[in-house]
Amino acid sequence: MLQLKKDQWFSNIRSDVLAGLVVGLALIPESIAFSAIAGVDPQVGLYASFCIAVSIAFFGGRPAMISAATGAMALLMITLVKEHGLQYLLAATVLTGIIQIIAGYFKVAKLMRFVSQAVVYGFLNALAILIFVAQIPEISKMDSTGYLFMLLGLAVIYLFPYIPKLGKAIPSPLVCIIVLSCLALFLGSDMRTVSDLGQLPDTLPIFLIPNIPFNIETLTIIFPYSMTLATVGLLETMMTTTVINEITHTEADRHQECRGQGMANIVSGFMGGMAGCAMIGQSIINVTSGARTRLSTLIAGVFLLCLVVFLKDWLAYVPMAALVAIMIMVSLTTFQWGSVKQFSKHPISFNIVMIAVVIVVLLTHNLALGVFVGVLLSALFIINQLESSVKVTSTLHNHQRRYQVSGQIFFSSSDRFYQFFNFNEHIQSVEIDLSNAHIWDITSVNMLNSVVEKFEAKGIKTQLLGLNEASATLIDRINN
1 MLQLKKDQWF
11 SNIRSDVLAG
21 LVVGLALIPE
31 SIAFSAIAGV
41 DPQVGLYASF
51 CIAVSIAFFG
61 GRPAMISAAT
71 GAMALLMITL
81 VKEHGLQYLL
91 AATVLTGIIQ
101 IIAGYFKVAK
111 LMRFVSQAVV
121 YGFLNALAIL
131 IFVAQIPEIS
141 KMDSTGYLFM
151 LLGLAVIYLF
161 PYIPKLGKAI
171 PSPLVCIIVL
181 SCLALFLGSD
191 MRTVSDLGQL
201 PDTLPIFLIP
211 NIPFNIETLT
221 IIFPYSMTLA
231 TVGLLETMMT
241 TTVINEITHT
251 EADRHQECRG
261 QGMANIVSGF
271 MGGMAGCAMI
281 GQSIINVTSG
291 ARTRLSTLIA
301 GVFLLCLVVF
311 LKDWLAYVPM
321 AALVAIMIMV
331 SLTTFQWGSV
341 KQFSKHPISF
351 NIVMIAVVIV
361 VLLTHNLALG
371 VFVGVLLSAL
381 FIINQLESSV
391 KVTSTLHNHQ
401 RRYQVSGQIF
411 FSSSDRFYQF
421 FNFNEHIQSV
431 EIDLSNAHIW
441 DITSVNMLNS
451 VVEKFEAKGI
461 KTQLLGLNEA
471 SATLIDRINN
């Protein structure tokens, strides 16, 4: 289970280390912000991000993906923290991890097969908008110098890669942070820095068992929250895995990733951190900065802790304008511009699903709910399409009616299938040719039986022709 393969750690050292440094810095403001959302001290989110990032580097199934405290998870903790306090949150985090490990062994990641491309596009577009909107409060606090620094940061990020040799050797987001920090120090500019976000921890996290009564009452309190956290965490992680797979053109072990997320959350809960999951924004920063192995994730977590515990004074020189510029870049990179350019060429159902996911996520700030709505709509459109594909044509010859059936006969299309038959016709026999059809379930078998029985009740001899092997086997099993 512990991943120690050399090629997953040391095949891309320089790029992984540099990318990890960038992500470590980018994790700080979000970890603090997510702590505030959940109603806990900044150190809870920072400890969580460190513990989860380091743990997932060893136990995860997707190299170079970043996991830490997230906003989607923080939103689910508000009520638990408010009504029962931090210790119950820590216990719920541990239980979340246990549930995720169980889910990994039961291979629930296979459910990702039901997530269509339209849902993925909607998920990414909504996330891109949310990432951009999340920067607005910080942008609103900037003065003219802050705006200038932010624009300069964006210029560095997008122009530095075109510099020969250097452009591909060093991630441009890291160059952005270094350049703006040095410039702020040289000019003596009075602008917001990372250290202005809140009180940072000054000690390493320590192992602790949540101080709560271990009884059924406690379990009934935390179990509903843990189930929700585990579900949302795995869903967001699997969606992020899909995106990173596409960017890197590699595959991941989704089941191992589920188990790894569970182990990471258990570690986080016992070290004073909140539950977390994969972070698509930071993961995109990581892989677009050149990261490809587990080393980048480990570096990000370790560097984060070193910064907030041992190098807090250095954070006074990192302007928030630099991190805002990086997150705007992430937003622009995450958004699927092709889905807009190809909008008129996509099927209407594709566009409806994509837009529905975006709207639901933006209204609720719940990525999991948006994905659920998208999957549901996709299923309804597919069912409607399959139902509409059922066709029945007929010919009459010497008092014998022959019905030619094509399409997929299942619970939704069986009524439509039934309506094609004329039971009041004065004929001697009926042939139902199913060579181009497939019988899928009990409902369709029973409907086919009803058609045969109704014809024979009228004294019309009925014969089924052309059943494929699977359909014939299903009919025999149900009728015998």
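The numbering of the sequence shown is full-length UniProt numbering, which starts it at 1 and goes up by one. C-beta: ideal position from N, C-alpha, C; glycine also. All values reported here derive from a predicted model rather than from experimental measurement.
| query | result |
| --- | --- |
| Alpha carbon of K5 to alpha carbon of H84, nearest angstrom | 42 Å |
| Closest residue to V232 among I266, K168, C277 and F59 (Cα-Cα distance) | C277 |
| Pick from A264, Y317 and V318 that is closest to G301, judged by C-alpha positions | A264 |
| Closest Cα partner of C258 within the set S55, L159, S435 and A321 | S55 |
| Chain-order list of residues whose beta-carbon lies under 7 Å from that of I439 (same chain, five-residue window excluded) | I409, V445, L448, S471, L474 and I475 |
| L369 beta carbon less than 9 Å from that of V361 | yes |
| A126 versus W337 - alpha carbon distance | 12 Å |
| The region 272-289 contacting the region 240-254, beta-carbon criterion three pairs below 8 Å | yes |
| Per-residue DSSP class, three states only, for P173 | helix |
| Runs of alpha helix (DSSP H) wholly within the region 186-265 (minimum 4 residues, chain order) | 216-248 |
| L305 versus M65: straight-line alpha-carbon distance, rounded | 18 Å |
| Proximity below 9 Å, CB of P164 to CB of L18 | no |
| Bridge-paired residues (DSSP) for D433 | Q404 and L465 |
| Whole-number beta carbon distance between A321 and G146, since they are thought to touch under 8 Å | 5 Å |
| Simplified DSSP assignment, three categories, for P63 | coil |
| Environment of E387 [buried if 16+ CB atoms lie within 10 Å] | buried |
| Cα-Cα separation between G382 and S413, rounded to whole angstroms | Residue identity check: residue 382 is Ile in the sequence provided, not Gly. One C-alpha to the other measures close to 12 Å. |
| Nonlocal neighbours in the same chain, by C-beta distance under 6 Å from V23, ignoring five residues either side | I66, Q282, I285, N286 and A300 |
| Alpha carbon of L363 to alpha carbon of A91, nearest angstrom | 30 Å |
| Three-way DSSP call (helix, strand, coil) for A278 in this model | strand |
| Stretch pair the region 6-16 + the region 220-227: three plus CB contacts closer than 8 Å | no |
| Per-residue burial, A169 [other beta carbons within 10 Å of its own, 16 or more giving buried] | exposed |
| Alpha carbon of L180 to alpha carbon of I209, nearest angstrom | 42 Å |
| Rounded C-alpha distance that separates N468 from Q404 | 14 Å |
| G153, buried or exposed, once every other Cβ within 10 Å from all chains shown has been counted against 16 | buried |
| Residue environment, A118, which counts as buried when at least 16 other CB atoms sit within 10 Å | buried |
| Residue span of the alpha helix (DSSP H) that contains K341, given as start and end | W337 to K341 |
| Buried versus exposed call for A340 [16 or more other C-beta atoms within 10 Å across all chains shown] | Note that residue 340 is Val in the sequence shown here, rather than Ala. Looking at its Cβ environment, which holds fewer than 16 other Cβ atoms inside 10 Å, V340 is exposed. |
| Separation of E453 from L366, as counted between CA atoms | The identity of residue 366 in the sequence shown is Asn, whereas the question assumes Leu. Approximately 51 Å, taken between the alpha carbons. |
| Through-space distance from Y317 to C182, alpha-carbon basis | 8 Å |
| Sequence-distant residues of the same chain with beta carbon closer than 7 Å to E456, five excluded per side | T462 |
| Of the residues A68, N479 and Y47, the one placed nearest G260, counting alpha carbons only | A68 |
| For V115, the three-state DSSP class (helix, strand or coil) | coil |
| Cβ-based burial, Q135 [other Cβ within 10 Å; buried from 16] | buried |
| Where the beta strand (DSSP E) through K391 begins and ends | K391 to H397 |
| Alpha helix (DSSP H) segment containing K82, residue limits | I78 to H84 |
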